[in-house]
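Those letters in the sequence shown? Residues 439 to 570, per this note's numbering, in order. Think of the CB as a built atom: it goes at the ideal place given N, C-alpha and C, for glycine as much as any other residue.
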Amino acid sequence: MESKPGYERNVDQDTAIGVPAEVPTDSTKCQKKCWGYEWKTQTTIFGWPLLHFAVGRDETGCMRVAKGVIAVGQFAIGLGVLSQFGIGVFGISQFLIALFGIGQFILCLMGLGQFIAGILVFGQMAAGVSEG
439 MESKPGYERN VDQDTAIGVP AEVPTDSTKC QKKCWGYEWK TQTTIFGWPL
489 LHFAVGRDET GCMRVAKGVI AVGQFAIGLG VLSQFGIGVF GISQFLIALF
539 GIGQFILCLM GLGQFIAGIL VFGQMAAGVS EG
């Protein structure tokens with residue numbers, strides 16, 4: 439079975455199961471691996487944009503990370519975050535490390551979540567000094 443032009447087989451024939459995967463040989467061919475959107479404000483505070491929105495992958499195939507005072511995206515770092523995976527002071531996220539947060543899996547000082555650990559925490563499965 440031949441590869442498509444511009445693609446190569448990425449498989450070890452000794453351990454192959456099923457049809458081998460084909461990957462682009464040229465980094466400019468990123469139709470499937472680089473998708474997404476990124477936008478940030480021109481206004482910055484201490485070098486960080488006031489608002490940064492980032493989802494998907496960049497041209498190199500790496501995941502985009504929103505970094506800003508207010509960061510929104512799949513991965514986000516900032517003062518306030520709204521994300522799937524976040525690190526911040528305040529946050530709403532599925533997986534979050536923050537001082538104050540709301541989410542599903544949280545490690546925080548004070549927060550509300552399904553699975554949460556911290557000082558003052560409320561949740562379905564909570565572990566902390568003061569639990570609700």
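L558 and I540 have their C-alpha atoms spaced approximately 12 Å apart.
Here DSSP, grouped into helix, strand and coil, assigns C546 to strand. Sequence-distant Cβ neighbours of F538 in its own chain, meaning closer than 8 Å and more than five residues away, are V527, F528, G529, C546, L547, M548, G549. Boundaries cannot be given for G485, as no beta strand (DSSP E) includes it and DSSP labels it neither H nor E.
Only residues of its own chain outside the window of five on either side were considered, and among them T479, T481, V507 have a CB closer than 6 Å to the CB of L488, listed in chain order. DSSP places W473 outside any beta strand (DSSP E), giving it a letter other than H or E.
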